[in-house]
DNA sequence: CGGTATCCCCCGAGATACTG
DNA sequence: CAGTATCTCGGGGGATACCG
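Protein chains in written order, with full-length UniProt numbering: chain A, 1 to 137; chain B, 1 to 137.
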């Protein structure tokens, strides 16, 4: 490495300016990072879903958070929202092409998580045993 | 799909029990999701780093949050922490094999984010224009 | 059915000060 | 240099009630 930078993060912080938080990919990663988006994307990767179907499939999500989550995904162009003028209302959600691209990456992450979950849980238990009362979680 | 389940989330919720929040891969995904882990992993994917090097490379992270982040990564067996008994102390961090596996997936996500950032930003602007004062962010 | 609108609480995370 | 220890604040997110 030649500059004053330690290198390696250029992709994550393309502009390199400490005073410019809008650079980097955090805003996109935040969508992957938030509590429910990944789970909603995973469910929608299996096909079109109605609001209620989504809520039942994504165990534990509140109505409020599901609404916020699908709205944000729609805003990012990751899902399309379709309203049918029935009574009562019928609304379906579906991944866009962009959403499907992301979901395939999310699937890799999910697969990795599933196959490493046991080992990580064990690692945590061992660490906690050797570091009592550290407060780290 | 044959059962009463809408299907598609088995990987994300292997046990399917609503009363068992410990199931699923959220706890692993949370590590990917939190603010700094991904950035630290990305930096460490370029090689071993000292604490101060990490803090300079990961622009914006506070000392406290960097400490917490590397401790959690260590706890999960994603990084190793090595203390050299020099004065003052020297501490280095390095990805484990498991950490390198995850970092390669994170890299895919980072690449995707970088190439889709502009389009997503545009999509958000359009959505905001058509949904004034919605409060969704 | 598929949402809004409110209230409220917890904790993630920054700022600052101190230490082996 | 590489951390702890406190204090603080904002907002993510749950619970509940109401609506077209």
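Here a beta-carbon is modelled for each residue, glycine too, at the ideal position from N, C-alpha and C.
Can you check which of these residues, the options, is closest to residue i by C-alpha distance?
i, options, result
"residue 25/A", "86/B, 62/B, 91/B, 42/B", "42/B"
"residue 70/A", "93/A, 56/A, 59/A, 86/A", "93/A"
"residue 90/A", "54/A, 122/A, 128/A", "54/A"
"residue 137/B", "87/A, 112/A, 68/A", "68/A"
"residue 122/B", "66/A, 45/A, 75/A, 44/A", "75/A"
"residue 102/B", "102/A, 108/A, 126/A", "108/A"
"residue 46/B", "104/B, 129/B, 111/B", "104/B"
"residue 180/B", "124/A, 85/A, 77/A", "The question about residue 180/B has no answer, for chain B in this structure spans 1 to 137."
"residue 66/B", "86/B, 44/B, 85/B", "44/B"
Kindly identify the DSSP beta-bridge partner or partners of residue i.
i, result
"residue 143/A", "Chain A is shown only over 1 to 137; residue 143/A falls outside these bounds and no answer can be derived."
"residue 50/A", "92/A"
List the whole-angstrom C-beta distance separating residue i from residue j, where the pair is believed to meet the contact cut-off of C-beta under 8 Å.
i, j, result
"residue 58/A", "residue 73/A", "At roughly 12 Å, the Cβ-Cβ gap does not stay under 8 Å, so residue 58/A and residue 73/A are not in contact."
"residue 113/A", "residue 106/B", "Incorrect: roughly 12 Å between the Cβ atoms, too far for contact."
Contact set between the stretch 115-133 of chain A and chain B, restricted to residues whose Cβ is under 9 Å from the partner
Residues of the stretch 115-133 of chain A whose Cβ lies closer than 9 Å to any Cβ of chain B, in chain order: 116, 117, 119, 120, 121, 122, 123, 124, 126, 127, 128, 131.
Can we say the stretch 117-136 of chain A touches the stretch 71-86 of chain A, given the rule of at least three CB pairs closer than 8 Å?
As far as the Cβ criterion goes, the stretch 117-136 of chain A does not touch the stretch 71-86 of chain A, which means the pair count is below three.
Could you list the residues in the stretch 55-74 of chain A with a C-beta less than 8 Å from some C-beta on chain B, going in chain order?
Cβ contacts with chain B come from 56, 57, 58, 59, 60, 68, 71, 72, 74.
Tell me, please, whether the stretch 98-110 of chain A touches the stretch 44-52 of chain B by the rule of three or more beta-carbon pairs shorter than 8 Å.
Per the Cβ contact rule, the stretch 98-110 of chain A is not in contact with the stretch 44-52 of chain B (fewer than 3 Cβ pairs under 8 Å).
Segment contact flag, the stretch 26-38 of chain B with the stretch 32-40 of chain A, C-beta cutoff 8 Å, min 3 pairs
Flag = yes, the stretch 26-38 of chain B and the stretch 32-40 of chain A touch.
Residues from the stretch 103-114 of chain A in contact with chain B, defined by Cβ distance under 9 Å:
Hits within the stretch, in order: 105, 106, 107, 108, 109, 110, 111, 112, 113, 114.
Using a beta-carbon distance cut-off of less than 9 Å, what residues from the stretch 76-93 of chain B approach chain A?
Under the 9 Å Cβ criterion, the stretch 76-93 of chain B contributes 76, 77, 78.
The stretch 111-127 of chain B in contact with the stretch 59-67 of chain A per 3-pair CB rule at 8 Å:
Output reads no: the stretch 59-67 of chain A does not touch the stretch 111-127 of chain B.
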